[in-house]
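S.K.: Here it is, the structure in full.
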Amino acid sequence: MSARSRVLLGVVSLALLSSGCAAERAEEPPAPDAWGEPAAAPDSNPDPRIVEVELEARAAEKSFLEGKTTTVLAYNGAVPGPLIEANVGDTLVVHLKNSLPEETTIHWHGIRLPNAMDGAPAVQEPIAPGGTFTYQFTLRDAGFYWFHPHVMEEEQIRRGLFGVIRVRGEGEPQADVEKIVVLSDALLKEDGSFDDDIDDELIMMGREGNVVLVNGKVMPALDVQPGALTRLRIVNVANGRFFHLALPGHTFRVIGTDGGLIPRPYDAEKLLVAPGERYDVLLIAQGEPGTELTLTNEPYERGHHTGLADPVPLATVRIGAGPALSGRALPDSGPAIERLPGGAADTTITFDEAYVERELKFLVDGKTHPDVPPIHVERGATRVFDLKNDAEMDHPFHLHGFFFQVLARDGVAVADEALANKDTLILPQRSTTTVVARFDEPGHWMYHCHILEHAERGMMGEIIVSH
Ligand code: C2O
Ligand code: CU
Ligand code: CU
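Structure below.
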């Protein structure tokens with residue numbers, strides 16, 4: 031089956047599932063589970079400043095499509111895996127048991143931590159089948175993070191190995207409702223099993239699934255009171271799909287992103303979320319009681335003329351019948367964050383794609399990982415990089431272990447108001463983005479495209495921070 035017909039199959043099955051026939055709806059678990067939010071992992075440590083959880087990576091059965099079973103890989107049998115809840119300053123201890131028939135590790139995407147806990151192959155021997163490993167580190171920053179394997183990540187993540195971490199801090203907005211939104215997709219055959227075929231089209235754009243999922247569910251429903259100040263913690267864990275979110279009659283007030291709250295919230299009619307990125311948004315639920323709204327994935331042209339033809343339905347938002355809540359206001363400001371010093375870039379990293387001996391490769395400075403020469407940085411140094419994307423498609427750049435801030439796009443300085451701590455950022459096709467980071471932790475830190483098919487085929491490098 032070609033990639034195109036697979037996509038069609040997906041649209042058809044989504045259309046069937048979202049047509050809202052009563053029998054299908056009745057199969058959905060009742061509220062409040064209808065949203066499919068992951069349950070919190072039990073904390074076994076009595077010390078209030080230590081969160082200690084057990085995770086087991088193993089195969090499990092899951093039903094994404096009505097009446098069809100998919101054998102997934104999952105943390106504690108759940109897709110998404112269990113939610114890890116903590117407060118800023120807490121120590122997190124995670125005992126991982128590998129019950130997969132293959133090696134694995136956990137990488138803590140976006141979290142600033144000691145290098146030995148990063149889970150990347152440069153710093154951790156993969157955990158053998160049957161093996162265990164304990165991760166332990168202090169959570170320095172409030173925000174919404176996620177975790178996933180960093181061994182065969184292209185395969186393990188798309189099969190369900192991902193989970194989220196919510197770290198609470200000071201000065202958080204008081205919302206009436208707060209919900210987690212884990213965006214992903216799955217490429218399934220008609221019998222419900224994963225389609226493992228891959229062709230150049232899927233490699234080029236990243237493996238987009240034919241079933242689009244929110245919290246591991248097709249078209250879950252979110253119930254909110256009219257007027258409710260609703261906070262959504264959004265992450266895109268898909269291998270390749272970009273999500274471009276829209277909710278009719280609503281605007282997203284963006285209050286935070288990868289590295290936590292931002293000082294200057296802004297409004298977005300549509301919210302673009304690339305693989306790996308997070309957004310923290312507020313909205314005030316609007317509509318007559320009983321209104322059903324559809325959260326959609328809107329077309330976005332991310333290169334090679336592949337913009338979606340039609341919006342794809344993702345979830346239903348139901349405005350409840352209860353009394354309208356009023357007097358809720360959207361915040362205009364958030365906590366300050368330290369601005370890193372700017373200046374001209376001293377290093378350029380160039381991303382591109384090419385056929386090398388008839389195989390599609392994704393290049394950093396003309397080379398593929400592990401042949402990309404490492405960048406050396408002194409501990410504590412601040413460095414400015416020009417991230418140059420020469421390709422005809424967007425690549426979401428991700429840096430391990432540190433936040434970075436955007437200084438300029440194609441040489442034009444980014445407004446002061448846009449200050450944000452990022453760890454994953456879209457590098458638009460044929461453009462240069464100037465970013466700054468401070469490297470305060472020694473060790474070997476990866477950077478790579480978070481389209482996993484690209485990372486796997488070369489688009490990855492290393493920054494070595496001296497001791
Ligand atoms: Cu979420 Cu190295 O990545
Ligand atoms: Cu990461
Ligand atoms: Cu890429």
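Residue numbers (the working numbering): 31 to 497.
Glycine is no exception: its CB is placed at the ideal position from the N, C-alpha and C atoms.
Note that the structure is a prediction, hence the values are computed from the model and not measured.
1) Would you check whether ligand 2 has a heavy atom nearer than 7 Å to the C-beta of histidine 137?
2) Determine whether the beta carbon atoms of alanine 205 and leucine 312 lie at a separation below 8 Å.
3) Does the beta-carbon of isoleucine 379, which I'm using as the reference point, lie nearer than 7 Å to any heavy atom of ligand 3?
4) For alanine 258, which residues in the same chain have their Cβ closer than 6 Å to its Cβ, ignoring the five residues on either side in sequence?
5) Excluding the 5 residues flanking alanine 411 on each side, which residues of the same chain have their C-beta closer than 7 Å to its C-beta?
6) Would you kindly report the start and end of the unbroken alpha helix (DSSP H) that includes histidine 497?
7) Roughly how many angstroms separate the alpha carbons of aspartate 420 and glutamate 84, rounded to a whole number?
8) Count the other C-beta atoms from every protein chain shown that fall within 10 angstroms of the C-beta of serine 214, then say buried if there are 16 or more, exposed otherwise.
9) On the DSSP letters alone, give me the boundaries of the beta strand (DSSP E) that histidine 139 sits inside.
10) Can you list, in chain order, the stretches of the beta strand (DSSP E) that have 3 or more residues and sit fully within the segment 232-259?
11) Near alanine 104, what residues of its chain come up, given a Cβ to Cβ distance below 6 Å and the 5 sequence neighbours on each side ignored?
12) Starting from histidine 335, follow the beta strand (DSSP E) in both directions and report where the run begins and ends.
13) Going by Cα to Cα distance, which pick from Glu184, Gly107, Ile141 and Pro179 is closest to arginine 196?
14) How about histidine 399: is its Cβ closer than 7 Å to a heavy atom in ligand 2?
15) Beta carbon of phenylalanine 415, beta carbon of valine 394: below 8 Å?
16) As an exercise, report each continuous beta strand (DSSP E) stretch of at least 3 residues that is fully enclosed by the segment 379-463, in chain order.
17) Reducing DSSP to helix, strand and coil, say where glutamate 54 ends up.
18) Pull up the DSSP beta-bridge partners for proline 343, would you.
19) Threonine 321 and isoleucine 349 - do their beta-carbons sit closer together than 8 Å?
20) Measuring alpha carbon to alpha carbon, tell me which residue in Asn145, Pro112, Gly441 and Met490 is nearest histidine 428.
21) Could you check whether the segment 286-303 touches the segment 240-252, counting it as contact only if at least three pairs of C-beta atoms, one from each stretch, sit closer than 8 Å?
22) Which residues mark the beginning and the end of the alpha helix (DSSP H) in which glutamate 84 is found?
23) From His474, Leu455 and Pro472, pick the residue whose C-alpha is nearest to that of valine 465; which is it?
24) Grouping DSSP H, G and I as helix and E and B as strand, with all else coil, what is leucine 103?
25) What are the start and end residues of the alpha helix (DSSP H) that includes leucine 482?
26) Where does aspartate 297 fall in DSSP's three states?
27) Could you spell out the range, first to last residue, of the alpha helix (DSSP H) harbouring isoleucine 187?
28) Buried or exposed, going by whether 16 or more other CB atoms sit within 10 Å of the CB of arginine 79?
29) Tell me where the beta strand (DSSP E) around methionine 476 begins and ends.
M.R.: If we stick to the structure as given:
1) Correct: histidine 137 has its Cβ closer than 7 Å to ligand 2.
2) yes
3) Isoleucine 379: no, Cβ never under 7 Å from ligand 3.
4) Asp206, Val207, Ala315 and Leu355
5) Phe469
6) Histidine 497 -> no alpha helix (DSSP H), and no H or E assigned at all.
7) 43 Å
8) buried
9) 137-139
10) 241-244 and 251-254
11) Excluding sequence neighbours, alanine 104 sits near Ala90 and Gly190.
12) Note, histidine 335: premise wrong, no beta strand (DSSP E); not H, not E.
13) Ile141
14) It does not: the Cβ of histidine 399 is nowhere closer than 7 Å to a heavy atom of ligand 2.
15) Not a contact, by the Cβ cut-off of 8 Å.
16) 389-394, 405-407, 412-419, 425-429, 434-439 and 454-457
17) Because the pLDDT at glutamate 54 is just 39, under 50, the model does not fix this residue reliably, and the value given afterwards should be weighed accordingly. DSSP places glutamate 54 in helix when its eight states are reduced to three.
18) Thr326
19) yes
20) Met490
21) The segment 286-303 vs the segment 240-252: no contact.
22) Annotation for glutamate 84: no alpha helix (DSSP H) segment contains it, though the beta strand (DSSP E) segment containing it runs 80-92.
23) Minimum Cα distance to valine 465 is reached at Leu455.
24) DSSP places leucine 103 in strand when its eight states are reduced to three.
25) 482-486
26) strand
27) 183-188
28) exposed
29) 473-479
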